[in-house]
Amino acid sequence: MSEDNQVIKGTSLWLDAWKRLLKNKLAVFGLIVLAIMGFAVAFGPIILFWTTGVTAEYIPSGIDNGALVKSFPPSAEHLMGTDDKGRDLFARVLQGGRISLMVGIISTLVSLVVGVSYGATAGYLGGRIDNIMMRIVDIIYAIPYILIVIVLLSVFGGPNAPAFIKTLADTFGGGQGLSQIFLLFFALGLVSWLTMARVVRGQILSLKNQEFVLAARATG
């Protein structure tokens, strides 16, 4: 095959972004650190021998210089020490990070589903429906996010939680405490979809005006 007839392979957006990421050493280092932290938070509480519960032998009970000893300092057995109830602080940090990781992932997935569905519907239908839907987005944009989250947690918190939230919490054996956490996930997701909806709507409107779409309409 001659040089003029050689097939030129295109580069996808994902591959191009990955190549640019690998060229940035600082970004690669940050990605590695985030991966290690994510792995430790996700699987640390499972594979580590430390416990987040009370350890009887580490419950302080003595008096040191007239003051009650409240915790034990870091040691080889407990990297960050223990609190006043004998609980390993490192294990509790990993457990708390697990919840933070779940908040980020689940709320992002909720906002992705809602934002893509809403934005695609508005962009596809267009016209008056598009205007109404986007004005609703503008109104929600004007309300502080934290206020919406507080209202949602106040209205649907505790025994008033939706049935699917209670079912999800019972599935994981967490009861009402876990249902509050799951409700927080969905509340954050339901107020963070606005930007995603606008981006998706813009892409749909752009595709509607592409030449291949106009040609398909012209040919029936």
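Note that the numbering used here gives residue 88 to position 73 of the sequence shown, counting from 1, and the numbers run on in steps of one. No residue lacks a Cβ here, since even glycine has one placed at the ideal position from N, Cα and C.
Item: Sequence-distant residues of the same chain with beta carbon closer than 8 Å to L124, five excluded per side; Value: G204
Item: Classification of L109 by the beta-carbon crowding that lies within 10 angstroms, buried from 16 upward; Value: buried
Item: Exposure of F54, with buried meaning 16 or more beta-carbon neighbours within 10 Å; Value: exposed
Item: Euclidean distance between Cα positions of V214 and G134; Value: 7 Å
Item: Rounded C-alpha distance that separates A106 from G59; Value: 8 Å
Item: L49 classed as buried or exposed, judged by whether at least 16 other C-beta atoms fall within 10 angstroms; Value: exposed
Item: Assigned secondary structure, R150 (DSSP; H/G/I helix, E/B strand, else coil); Value: helix
Item: Same chain only: Cβ atoms within 8 Å of K223, ignoring 5 sequence neighbours per side; Value: G138, Y139, G141
Item: Continuous alpha helix (DSSP H) stretch holding I161: start and end; Value: 160-171
Item: Contact set for V164: own chain, Cβ-Cβ below 7 Å, skip 5 residues either direction; Value: A202, L203, V206
Item: 8 Å CB neighbourhood of I155 in its chain, flanking five on each side removed; Value: I163, V206, L209
Item: Contact under 9 Å by Cβ, L46 with L36; Value: yes
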